[in-house]
Amino acid sequence: MLPIGPLMREHRLIERMVGVINVELTRMSEQKKPDPSFIDVAVDFFRTYADRCHHGKEEDILFRELAAKRLSEDDRKIMNELIEEHTHARKTVGMLREVKTRFVLGNERASGDIEAALRELTQLYPKHIEKEDKHFFYPSMKYFAKPELDAMLQSFWEFDRNMIHEKYERTVTERDNKNVTIQTESKHVQKWKCTVCGYIYDPEKGDPEHGINPGTSFDDLRKDWICPICYAPKKDFEKL
């Protein structure tokens, strides 16, 4: 597995949280009132999971190691942009927390500021994630030898040791408005693992979000199907 695999997996959860916020924004628009408890959940998610855990691994490990390499002008420019976007995200989350406090203390005008901060996050993160996934992560790997990549991945695991991923998985799942349970007849089918990010394709579950119905074997996947986490092609999968 490459070090970018875990980072891409975290991107998928952040994208789901953005979807949850969009649903909340629709509710706010209809009811003309923010939900302070939801703001607390959003602030906690972005401060702890998206920033401390996810951005922490990027800045304290990946970007730090890249800074010591002879990067191309374009790659260094993108990395600097990503760091600036991290800073902007932190400021936006801090503002969200501050305006929520003003709202709770009786300042009704803070409602508009809450909506503005939430919308800023829903616009910032998708573009930021796309820039990393499609224009930076894969090119950045070429600067490292395999032993360096293995060491970096180990550093990621150590960094995450005290993080509580499961809590935030539950947070998003509980808030996800698209909580659809798909029941299929249980049967034994070969599972396949992505060698880039570790994603497991389970034929019993399929990949409904990308048009793959439950019960579809790996061999029956269309030729242009790609890993939903890191976009690796089928050839980068191996049998479990």
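Heads up: the sequence shown is residues 1 to 240, going by our numbering. Just so you know, even glycine gets a beta-carbon here, dropped at the ideal spot from N, CA and C.
Top-ranked residue by Cα proximity to residue i, from the options
i: serine 37; options: Trp157, Lys100, Arg70 and Val23; result: Lys100
i: leucine 66; options: Phe137, Tyr199 and Glu174; result: Phe137
i: asparagine 107; options: Pro34, Trp225, Val189 and Val23; result: Pro34
i: isoleucine 39; options: Phe144, Glu115, Glu84 and Pro208; result: Glu115
i: glycine 112; options: Ser217, Tyr201, Cys197 and Met28; result: Met28
i: glutamate 148; options: Tyr199, Asn213, Ala68 and Glu10; result: Ala68
i: threonine 48; options: His210, Lys223 and Tyr168; result: Tyr168
Residue i and residue j closer than 7 Å at C-beta
i: valine 93; j: phenylalanine 63; result: no
i: isoleucine 229; j: methionine 8; result: yes
i: leucine 240; j: lysine 205; result: no
i: leucine 247; j: isoleucine 21; result: There is simply no residue 247 to check, as the chain begins at 1 and stops at 240 in what is shown.
i: threonine 122; j: valine 18; result: yes
i: phenylalanine 159; j: lysine 57; result: yes
i: valine 172; j: leucine 13; result: yes
i: histidine 128; j: glutamate 81; result: no
i: aspartate 75; j: proline 139; result: yes
i: histidine 55; j: glutamate 10; result: no
i: glycine 198; j: methionine 1; result: yes
N- and C-terminal bounds of the beta strand (DSSP E) containing residue i
i: lysine 91; result: Per DSSP, lysine 91 belongs to no beta strand (DSSP E); it is in the alpha helix (DSSP H), 73 to 104.
i: phenylalanine 237; result: 237 to 239
i: tryptophan 225; result: No beta strand (DSSP E) holds tryptophan 225; DSSP gives it neither H nor E.
i: lysine 191; result: Premise fails: lysine 191 is in no beta strand (DSSP E) and is neither H nor E.
Bounding residues of the alpha helix (DSSP H) (the contiguous stretch that carries residue i)
i: lysine 131; result: 110 to 135
i: threonine 26; result: 4 to 31
i: glutamate 158; result: 146 to 160
i: leucine 66; result: 64 to 67
i: isoleucine 39; result: 36 to 44
Own chain residues within Cβ distance below 8 Å of residue i, not counting five before or after
i: glutamate 185; result: Residue placement at glutamate 185 is poorly supported in this model, since its pLDDT is 41, which falls under 50; the coordinates still yield a value, given next. So the list reads Gly215, once near-sequence residues are dropped.
i: histidine 88; result: Leu124
i: glutamine 190; result: Pro203, Ser217, Phe218, Lys239 and Leu240
i: leucine 25; result: Glu115, Leu118, Arg119 and Thr122
Own chain residues within Cβ distance below 6 Å of residue i, not counting five before or after
i: threonine 195; result: Asp236 and Glu238
i: isoleucine 83; result: none
i: proline 6; result: Phe156
i: valine 180; result: At valine 180 the pLDDT is 42, less than 50, meaning the model places this residue with poor confidence and gives no usable figure here.
- Assess, as a yes-or-no matter, whether the stretch 82 to 96 is touched by the stretch 149 to 159 under the definition of 3 or more beta carbon pairs within less than 8 Å. With fewer than three CB-CB distances shorter than 8 Å, the stretch 149 to 159 does not count as touching the stretch 82 to 96.
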